Structure formats: structure tokens, C-alpha cells
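Participant:
Protein chains: 2
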Amino acid sequence: MTQRLALGIDIGGTNTSYGIVDRRGSIVAKGTMPTTGHPTVEGYVTALAATLAPLLEEAGPENIAGAGIGAPNGNFFTGEILFAPNLPWKGVAIPLVKLLTTALNMPCKLTNDANAAAVGEMTYGTARGMNDFVMVTLGTGVGSGFVANGQIIYGHDGFAGELGHMIAVRDGRMCGCGRRGCLEAYCSATGIVITAKEWLKQRDTQSVLRDNADTLTARRIQEAAVAGDTLALELFAYTGKILGQTLADVVVITSPEAIVFFGGLAHAGELLFAHVRKHMEDNMLNIFKNKVALKTSSLPDADAAILGASALVW
Amino acid sequence: MTQRLALGIDIGGTNTSYGIVDRRGSIVAKGTMPTTGHPTVEGYVTALAATLAPLLEEAGPENIAGAGIGAPNGNFFTGEILFAPNLPWKGVAIPLVKLLTTALNMPCKLTNDANAAAVGEMTYGTARGMNDFVMVTLGTGVGSGFVANGQIIYGHDGFAGELGHMIAVRDGRMCGCGRRGCLEAYCSATGIVITAKEWLKQRDTQSVLRDNADTLTARRIQEAAVAGDTLALELFAYTGKILGQTLADVVVITSPEAIVFFGGLAHAGELLFAHVRKHMEDNMLNIFKNKVALKTSSLPDADAAILGASALVW
């Protein structure tokens, strides 16, 4: 095969990013378009194909091996997006691969965004050369991709790797999935904000987070913690404890060499990960102690999703 | 390769079982010897080789492709047994594969007993044809073997699959591993007996389990439950609830087609699994509901370990 380029498409709830990537992970062309504004997925696919046409023409269609797509709830086996609450099109199963294969006239592969991130880290990022690691995305939700024996664990139905929905606190806080106590309800960018709002109500502690508390974000909590705000620091300690405890339970299953973090909340760095590490190790089964590296993604934020999606092609 | 036989060796704390198995899973010869009575592992290996010699001679050494060994804490990558508290030889790392390869003069492969059981089920048992399943052994402890993409998940260090040491009850009962609340402390044959003894002390309920309570076993609890003893039935309900809840958290990670149970406590059948199923499904993330089969091993108890170990060779 002489084709040296791949198209990577990352479909988010608001925007779709795309890029043409060579085998070494350099993005030769890229752009974004809104995901919203198309009442049907067919309309969206037509608009996407039209937007991509000049890029593909310039790269030379004969040089492009195929397209990889990362999307929430994207299923690798069926090529469908299933029950994705954050995407604008309704329907139980959206046949994205089928539609895009026709519209772009090239082979397409789909997986969820966290699995795409894992493939990206394994191909171009901090997990290069690792056969066993876990990718954890700490964004609006908590996503994950598990790699064992050098392969993504898709599970028998393509839906494996839902770390965000492990129960971190039995009978705990309501999660968007309808159950209680999921990791995602505590350790996502959304989760830490919920904890902050609860604490601000329950406590009298002085905190800069009280200003405009209604529009609080994980980013603002991070800035407050950097500035030494006690409540903000404690929020990272609490969030890190829950994440660390839960990761100790994950390690016993797949024994990864590393856990690689990506996403908004991961930018907090040691503010968060010092606590994650402490509580993971405190709760770790002896044979795994001090063996599992905690790392953050080495891919540039803006490109990681495109790189990950494009790497599905190889 | 014309070799059609494999040697399977299962090393337990008390006895070592061995057998010569053909590719279709028929045991053509087998036997047992005590694991104990040899102060050093070298002495044990010499005795084992001497015991095996006539069997190997009769089968024809040229027909035997190699030996597979299942042992507690056996490591597939290093060929060593590490920190196995139930085996008679001390030492951090026992180089079993090295010793046996020399003594038997054939290639040897080692893994832990639960992984060997998973390989056995995949090769000859109820998991034939499955690429993604979980093997759970409910014996003195709780062991497990995870299969994804048709391969055992060994993890980067060979120690993956320690389901028994997932925390089932945060800050719960002490486990032999020195931590609190492990699944094994509740849902093993040992765990259900501990629960029974606790309840007998705390409650006044009439129960046949009060007779000779000091020598209570999981088997007696099962017999009492079959006979309708209320406390015994409730013990299975409680044990099944904890196991079911925890399995719901396992499913989100590897999304298995089935969970296959083996070992003493698995003989309780629906007494236990009706509750496991109910609580697993009650706690299951929507996309996995009613998809994961709970099965029990189809291999005869006495032979399963030998079959599993021998299947490592192929």
C-alpha cells in the first residue's frame, strides 16, 4: 500500500474537527465545522463531505487510505452511533460508517472518542510502545479506552471501556445514566463543579468560588486552587481520592503499565494527580504497588482527537 | 507439528494433579501426587519428574508438545511463582518453568490457576468460540481470568485478572491481602462461611447452621439452603448481591459475552446465581443490560484444571 495519508474526523456535540494526517502523525491540513444545524444525520454527512472535498482534492484522493472517526458512543463493530445523548440527531442507531463510506468514497472506521484517543496515544503519543495501558479522558464526562496485548478492548459488542460508569460511591450521587455513584458523576469536569456547589451550600468556608457560583467551571476551580484557595484545593483532593480509589480497582483487572489522562480536568496536573496517585497506591493490591505510571497525554489538545481518529486507519 | 499430546499440571497447596491430554481434550492418562512433603521446590520438581516419567514414556516423549502448568500466582511472562502464600516453599520468586523445563526436557508454560481455567474453557469448555469472556473461580479465594480479543489479558507484568481483590465493600471486612472489603473476603467459599459465623453471633434466628458452627463449610450452607434453612438462603442472597454488584462494574470495562463460573461455591447454582443475576442486572449500565450470560463451567471438576493447564501448550 503506497497510500500515506489518513483522514481523521472527531465528532463532538458542538463541533466536528477533521484533518489529514500522515503516517508519522503530522497534520497536513485541518479544519472544523459545526456539528449542529443539520436536522438529520444525512444532511450533516452531506455538509461534511462538501466541506472536506477541497482538502481531499488537494491531498489527492489516491493518497488517502481511509477515514477514522471518533464520536461519542461510536461502535467499532457496527459502525453505528448508539444512544448518544449529546449529539443532535435522534434515533437508536445512526449508521455513520455506512453514510460516510458512500459520501466520501473511502473505507471508514468508527469508534468512540476515548478509544480513538487511546489509539492516538499508542500510535503517536505517550503510550507508544506500550501493549497494556488505560486511556482516561476527564472532560464533560469520564471516558476510557483499555488496551491489552497491544489491542483496544472493544468487548463482544464494541462497548467496552466505560470506566466513567464504574460505581465509585455505592448509592452515591445521581449520574446522567440514571444510576447512582458513577465515577463520572464525581471525577469529570462536570462532577467537580457539582461537588463544589454542594460544598458551597453546606459550608461557610470563605472561597473565591462563591463569586458567580452559578457559572462555576472546572477551569475556575483550577485557577482558584493555583491561587491557594482552600476549598478549591480540597475539591481536587476529594476528586483525586475517588479517582485514585477507583483506579486501584481497575489495575487489578488489566494490570496496565500506565494510565494516560487527557481532557479538561487533566490540565490540573499535580493539583489532581498527586491525590490520585496517593489514593491509588494506598488502595493498591501489593503486587501492583508502585508499578503503574500516571501520565498525561503528550499530544497537543487541539489535534489529539484528529490524530486518534486518523490512527484507526492504520 | 505432528505432536498431538500435551502435559497438564495443576499445582495446588495440597495436591498436584497431572494428565496427558490430546488436542480434543481427552485425558489419556492422569494422576496426583502430594505437593507437600518436599522442603525445597527443587526436591518437589525432582519428585514430580520421577512420578511423571513412566506416563511420559508410555505416551512417547516424541508425541508430547510440551507442558502447561497452572499454579497460584504463576506468572506467564517470567515463568515464576511469586509470593504464593498457600504453597509450601518460601522465596519471593520460584523459577518453576526453568526447573521443570530442565527436569522434563520439554517446553513448559506457566500461568495462574484461574487463567489456566479460562484457557481450558476457551479451548474445551463452555467458552468455546468466545473472544470476550470472564472466568471466575469461586473457591477458597476468588480468582479470575479475563479474555479479550480471543486472548488472556495478562497485563504488562503477567498479574492481571485479580478480580477477587476488587473492593466490593469500601472499608469492609479484612481480606487476607491486608486490605479491606475485597470481593474475595465475601464471595469465596471462605467468605460465605465468615458471613455465616458473623450472622450466627449477631442474630437469634434458628438455623441448622448453629450445629457445629465452628466447622461450618460452604458445602454445609448449600445443603442447608437446599433444605430450606432461612439463614442459609439469606446467606446466598447476600453473597450473590455483592458478587452481582461487583460484576456490573467489571462488565463496563471488558464487556464480556459471558461470565463463566467454576469452583466449590459455583456448585450452589441458582441458589447463588439467581441473586448474582438480579443484582448484576439491577446495577448494570443500560447498554449492557440483558446481554451478559452467566454460565457455569462445562468441564468435569476433577479434570478442569488439568485440561486448562494442558491447553496452554496449544
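Here the protein sequences come in this chain order: A and B.
Mapped onto this note's numbering, the consecutive letters of the first sequence carry residue numbers 60 to 373.
Mapped onto this note's numbering, the consecutive letters of the second sequence carry residue numbers 60 to 373.
All residues carry an ideal CB built from backbone N, CA and C; glycine is no exception.
Here the structure is a predicted model, which means the values were calculated and not measured.
Should the segment 312-326 of chain B be called in touch with the segment 188-206 of chain B, which here means at least 3 C-beta pairs below 8 Å?
Facilitator: Segments in contact, yes.
Participant: Which value, in whole angstroms, describes the spacing of the CA atoms of D263 of chain B and A227 of chain B?
Facilitator: Within the second sequence, the letter at position 204 stands for residue 263 of chain B. Within the second sequence, the letter at position 168 stands for residue 227 of chain B. Answer to the nearest angstrom: the Cα atoms are 27 Å apart.
Participant: Among the residues of its own chain, which have a CB less than 6 Å from the CB of L244 of chain A, if the five just before and after it don't count?
Facilitator: Numbered from its first residue, the first sequence carries residue 244 of chain A at position 185. It should be pointed out that residue 244 of chain A corresponds to Ala in this sequence rather than to Leu. Excluding residues within five positions, the ones whose Cβ falls inside 6 Å are R232, C234 and G250.
Participant: Does P113 of chain B have its Cβ less than 8 Å from a Cβ in chain A?
Facilitator: Taking the second sequence and counting its residues from 1, the one referred to as residue 113 of chain B is at position 54. Output row for P113 of chain B: interface = no.
Participant: Listed in chain order, which residues of the segment 305-321 of chain B have Cβ atoms closer than 8 Å to some Cβ of chain A?
Facilitator: A307, D308, V309, V311, I312, T313, S314, P315 and E316
Participant: Under a Cβ-count criterion, where at least 16 other Cβ atoms within 10 Å of its own Cβ denotes burial, should E180 of chain B be classed as buried or exposed?
Facilitator: Translated into positions along the second sequence, residue 180 of chain B becomes position 121. With 16 or more other Cβ atoms within 10 Å, it is buried.
Participant: Is the Cβ of M225 of chain B closer than 8 Å to any Cβ of chain A?
Facilitator: Along the second sequence, one-based indexing puts residue 225 of chain B at 166. Yes, contact with chain A.
Participant: Using the Cβ count rule (16 or more neighbours within 10 Å means buried), how would you classify S374 of chain A?
Facilitator: Nothing about residue 374 of chain A can be read from this structure; chain A reaches only from 60 to 373.
Participant: For I153 of chain B, which residues in chain A fall below 8 Å Cβ to Cβ?
Facilitator: In the second sequence, the residue the question calls residue 153 of chain B occupies position 94. Within 8 Å Cβ-Cβ: nothing; I153 of chain B doesn't reach chain A, min ~15 Å.
Participant: Quick one: is Q265 of chain B buried, meaning 16 or more other Cβ sit within 10 Å of its Cβ, or exposed?
Facilitator: On the second sequence, residue 265 of chain B is found 206 positions in, with the first residue counted as 1. Classification of Q265 of chain B: exposed, given that the 10 Å Cβ count is below 16.
Participant: Just checking: is the beta-carbon of D69 of chain A within a distance shorter than 8 Å of some beta-carbon in chain B?
Facilitator: By one-based count along the first sequence, residue 69 of chain A stands at place 10. No - not a single Cβ of chain B is within 8 Å of the one on D69 of chain A.
Participant: Quick one, are the C-beta atoms of A317 of chain B and M225 of chain B less than 8 Å apart?
Facilitator: Here residue 317 of chain B is taken as the residue at index 258 of the second sequence, counted from 1. Here residue 225 of chain B is taken as the residue at index 166 of the second sequence, counted from 1. No; because the gap between Cβ atoms is not below 8 Å, this pair is not in contact.
Participant: Could you tell me whether any Cβ in chain B is nearer than 8 Å to the Cβ of N208 of chain A?
Facilitator: On the first sequence, position 149 is the one that residue 208 of chain A refers to. With a threshold of 8 Å between beta carbons, N208 of chain A makes contact with chain B.
Participant: Between E221 of chain B and chain A, is the shortest Cβ-Cβ distance under 8 Å, so that the two count as touching?
Facilitator: The count along the second sequence starts at 1 and reaches residue 221 of chain B at position 162. It does: the Cβ of E221 of chain B has a partner Cβ on chain A nearer than 8 Å.
Participant: Between A88 of chain A and A118 of chain A, which are expected to be in contact by the criterion C-beta below 8 Å, what is the C-beta distance as a whole number of angstroms?
Facilitator: For the purposes of this step, residue 88 of chain A is identified with residue 29 of the first sequence, where counting begins at 1. For the purposes of this step, residue 118 of chain A is identified with residue 59 of the first sequence, where counting begins at 1. That belief holds up - the Cβ atoms of A88 of chain A and A118 of chain A are roughly 7 Å apart, short of 8 Å.
Participant: What is the DSSP secondary structure of Y213 of chain A, counted as helix, strand or coil?
Facilitator: Here the question's residue 213 of chain A lines up with position 154 in the first sequence. The answer is coil: DSSP assigns Y213 of chain A none of H, G, I, E or B.
Participant: Inspect the beta-carbon positions of L146 of chain B and P166 of chain B and report whether they are closer than 8 Å.
Facilitator: Counted from its first residue, the second sequence places residue 146 of chain B at position 87. Counted from its first residue, the second sequence places residue 166 of chain B at position 107. Result no, Cβ atoms of L146 of chain B and P166 of chain B do not sit closer than 8 Å.
Participant: Please decide whether I301 of chain A counts as near chain D, where near means a Cβ-Cβ distance under 8 Å.
Facilitator: Looking at the structure shown, chain D is missing, and the protein chains on hand are A and B.
Participant: Cβ atoms of T99 of chain B and N74 of chain B: under 8 Å apart, would you say?
Facilitator: Position 15 of the second sequence, counted from the first residue, corresponds to residue 74 of chain B. Position 40 of the second sequence, counted from the first residue, corresponds to residue 99 of chain B. In this structure, N74 of chain B keeps its C-beta atom at 8 Å or more from the C-beta atom of T99 of chain B.
Participant: So with CB distances below 7 Å, who are the chain B contacts of K350 of chain A?
Facilitator: By one-based count along the first sequence, residue 350 of chain A stands at place 291. Within 7 Å Cβ-Cβ: D216.
Participant: Cβ of F321 of chain B within 8 Å of Cβ of T196 of chain B?
Facilitator: Reading the second sequence from its first residue, position 262 is the one you call residue 321 of chain B. Reading the second sequence from its first residue, position 137 is the one you call residue 196 of chain B. Cβ distance < 8 Å, so F321 of chain B and T196 of chain B count as in contact.
Participant: Answer yes or no: does any C-beta atom of chain B fall closer than 8 Å to that of I251 of chain A?
Facilitator: Position 192 of the first sequence holds residue 251 of chain A. No, no contact with chain B.
Participant: Buried or exposed: which applies to G217 of chain B, given that a residue is buried once 16 or more other Cβ atoms fall within 10 Å of its Cβ?
Facilitator: Looking up residue 217 of chain B in the second sequence gives position 158. A residue is called buried once 16 or more other Cβ atoms fall within 10 Å of its Cβ, and G217 of chain B is buried on that count.
Participant: Are the CB atoms of T305 of chain B and L242 of chain B nearer to each other than 8 Å?
Facilitator: By one-based count along the second sequence, residue 305 of chain B stands at place 246. By one-based count along the second sequence, residue 242 of chain B stands at place 183. Yes; because the gap between Cβ atoms is below 8 Å, this pair is in contact.
Participant: What residues match up with R232 of chain B in a beta bridge as DSSP calls it?
Facilitator: One-based indexing of the second sequence puts residue 232 of chain B at position 173. Its beta-bridge partners do not exist; DSSP assigns none.
Participant: Under DSSP, the alpha helix (DSSP H) around M181 of chain B begins and ends at which residues?
Facilitator: Walking along the second sequence from the start, residue 181 of chain B turns up at place 122. Its alpha helix (DSSP H) spans residues D172 to Y183.
Participant: Distance check for G71 of chain A and L259 of chain A, CA to CA, integer angstroms please.
Facilitator: Walking along the first sequence from the start, residue 259 of chain A turns up at place 200. Walking along the first sequence from the start, residue 71 of chain A turns up at place 12. Going by the C-alpha atoms only, they are around 31 Å apart.
Participant: How about T75 of chain A: is its Cβ closer than 7 Å to a heavy atom in the ligand GDP?
Facilitator: Judged by which ligands are present, the structure shown has none, so any question about the ligand GDP falls away.
Participant: Note the first and the last residue of the continuous alpha helix (DSSP H) segment covering P93 of chain A.
Facilitator: Position 34 of the first sequence holds residue 93 of chain A. Counted as a single uninterrupted DSSP element, the stretch harbouring P93 of chain A is not any alpha helix (DSSP H) but the beta strand (DSSP E) occupying residues I86 to P93.
Participant: With 8 Å as the threshold, decide whether the Cβ of C236 of chain B is near any Cβ in chain A.
Facilitator: Locating residue 236 of chain B in the second sequence gives position 177, counting from the first residue. Yes, C236 of chain B lies at the interface with chain A (some Cβ there is under 8 Å from its Cβ).
Participant: Any beta carbon from chain B within less than 8 Å of I140 of chain A's own beta carbon?
Facilitator: Here residue 140 of chain A refers to the residue found at position 81 when the first sequence is read from its first residue. It does not; no Cβ of chain B falls within 8 Å.
Participant: Starting from R401 of chain B, find everything on chain A with Cβ-Cβ shorter than 9 Å and list it in chain order.
Facilitator: Outside the displayed span of chain B (60 to 373) sits residue 401 of chain B, for which this structure offers no information.
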